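Numbering (the working numbering), first residue to last: 1 to 313.
To start, the structure under review is shown below, and the notes come after it.
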C-alpha cells in the first residue's frame, strides 16, 4: 500500500489522480506516451447523443496563467463512443468516468441511460457547467432547482453513481452543491472554467470566434480551492477537485480544502506527463508531511475528522 489508494462511490482507485474531461480526449494520444494503467481514473471527453463539431475557430487562446477555450463540446457522439472509444479503453485497468452533456434534459437522460451500461464506465460526470454552449450546459448549472431536477432524472436511469460538475460562474456555489446533493448526486466535481475574454490588438475584436471562453489553468486555482473549502463543509458527498493543478503540492492544497480526489486539466497540454509525474511525487510528499495515507488530508484545513474510514480503500 503506497498511501494513495482511494475509494469513491462506484470506484476503487489506485491513486486519486485522473485527467479532467476535455483535456485528455479518450486517451489514445496519451497512451502512446505512457501506460494509462498508472492513472487513478480517466474522465473521458463529453458525450452527447449526436456528434458535435463544436464552435467555430479560433477556439483556444493562451493567457498569462492559463488558457481560454470555447471548444463547444466537440465529440463523436454516443454511438461511436459506445462502439469504439469505450471498448478500446477496456484494455486498461482504470475506472472510466463518462462525462454526459446535452441541450435538453432528455438528451442527458438518454446518454446517461446508455453510456452507464458500458462495463468499464464506473461513474458519470454530469456536465451542467460548460460555459461554451448556447443551450444546455451552464443553463442547467446556474439554477439550483433545474440542476436538482436534472440530477434526479439522470439518477433514475443511471446504473452507476452520478457526480455533478459544478460551475464557478454562480453567486452561491454552496447553494448549487446542496441542490444537486438533494437531487441524489453521489459526488461533486469542481470547478469547471470561469468565463473570460481576450482581445486581438489589431482587429480590436475578441480573439475567440465564440467571443467568450472558459478560463482554466493556474489562474483559477485559488478560486477552485476557495469553493471546495466552502462546499465541502456543507455536503456529505465526496468532491473531485480540479482547477489549475500542476504539481503534487497543488494536490495537497486541494485535499486540505476538502477534496477526496483530483483531476488534472490544462497541465496535460503543457506537459503530457503531468499526471504520472504527480503520481510519482506524491508518496514522498506525504512522507514529508508525516501522514500514512492521502485521505488523512481531506478537509484538514477546517478540521474534518471522519475521512479515514470514509475514503480509504
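Note that beta-carbon positions come from the ideal geometry of N, C-alpha and C, so glycine has one too.
In this text the structure is predicted, and so the values were computed from the model without any measurement.
Asked, Found
"Going by DSSP, what residues sit across from residue 206 in a beta bridge?", "199"
"Please work out which residues of its chain come closer than 6 Å, Cβ to Cβ, to residue 71, disregarding the five sequence neighbours upstream and downstream, and give them in chain order.", "54 and 59"
"Would you kindly report the start and end of the unbroken beta strand (DSSP E) that includes residue 67?", "66-69"
"Taking its Cβ as the centre, do 16 or more other Cβ atoms sit within 10 Å of residue 118, making it buried, or is it exposed?", "buried"
"Using the DSSP secondary-structure output, state which residues sit across from residue 289 in a beta bridge.", "Its beta-bridge partners do not exist; DSSP assigns none."
"Is it the case that the stretch 200-214 contacts the stretch 260-270, given that we only count it when at least three CB pairs across the two stretches are under 8 Å?", "no"
"Return yes when the Cβ of residue 161 is within less than 8 Å of the Cβ of residue 187, no when it is not.", "yes"
"Just to confirm my understanding: we take residue 285, look at its own chain, exclude 5 residues before and 5 after, and list those with CB closer than 6 Å. What are they?", "248"
"Name the DSSP bridge partner or partners of residue 52?", "75"
"Taking 8 Å as the threshold (C-beta atoms), are residue 242 and residue 224 in contact?", "yes"
"Can you tell which of 262, 291 and 298 has its C-alpha closest to the C-alpha of residue 2?", "291"
"Excluding the 5 residues flanking residue 23 on each side, which residues of the same chain have their C-beta closer than 6 Å to its C-beta?", "265 and 268"
"My understanding is that residue 47 touches residue 81, with C-beta atoms under 8 Å, so please give their C-beta distance in whole angstroms.", "5 Å"
"Within 8 Å, do at least three Cβ pairs link the stretch 292-304 to the stretch 271-281?", "no"
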